[in-house]
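Going by our numbering, the first residue of the sequence shown is number 8, and it counts up by one from there. By construction, the Cβ of each residue, glycine as well, lies at the ideal position given by its N, Cα and C atoms. One structure is given below, encoded as structure tokens.
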Amino acid sequence: IDSLPIKQRTIAAQNWIQLEKDEKQIFNFIIQNLNDKNMPRYFKYRILQDLHRHKYLKKSSSFFYSLASHLTQTNHHSQYNIDAHLLPFCTKEQIFDLLSRWSLK
Numbered sequence: 008i009d010s011l012p013i014k015q016r017t018i019a020a021q022n023w024i025q026l027e028k029d030e031k032q033i034f035n036f037i038i039q040n041l042n043d044k045n046m047p048r049y050f051k052y053r054i055l056q057d058l059h060r061h062k063y064l065k066k067s068s069s070f071f072y073s074l075a076s077h078l079t080q081t082n083h084h085s086q087y088n089i090d091a092h093l094l095p096f097c098t099k100e101q102i103f104d105l106l107s108r109w110s111l112k
């Protein structure tokens with residue numbers, strides 16, 4: 008997959024996420040790729056932007072909360088629109104917790 012142009016790599020990654028049903032595998036894939044300094048910004052942004060389309064993930068607010076928590080340990084919450092793409096799928100309590108961690112009120 009590394010030899011493909013970025014748009015093809017992004018589509019391949021989105022399709023893999025669509026087919027994979029193990030949340031832990033998806034979580035690890037996203038963390039690994041978003042923390043990879045060699046991955047283009049476009050890829051990272053599109054992967055996060057597309058997550059809400061996977062209906063089975065939307066059933067688990069803890070997935071989005073855990074992902075936002077983990078990603079913002081090494082990235083600013085607005086980087087790759089982490090906050091905009093993940094917070095809408097968290098519970099109100101999870102959102103308040105994340106905002107307080109990010110020092111936003």
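**Report entry** Residue range of the alpha helix (DSSP H) that includes residue 16
**Finding:** 13–26
Query - Residues of its chain near residue 72, where Cβ-Cβ distance is below 6 Å and the 5 sequence neighbours each way are ignored - result: 97, 101
Query raised in the report: Taking DSSP as the reference, what is the three-state secondary structure of residue 110?
Result: coil
Requested in this report: Out of 14, 105, 55, 108, state which residue places its alpha-carbon closest to the alpha-carbon of residue 34.
Outcome: 55
Requested in this report: Determine the DSSP secondary structure at residue 88, reduced to helix, strand or coil.
Outcome: helix
**Report entry** Neighbour-count burial assignment, residue 90, 16 or more Cβ in a 10 Å radius
**Finding:** buried
Query raised in the report: Using a C-beta cutoff of 8 Å, does residue 41 count as contacting chain B?
Result: The structure shown contains no chain B; it is built from a single protein chain.
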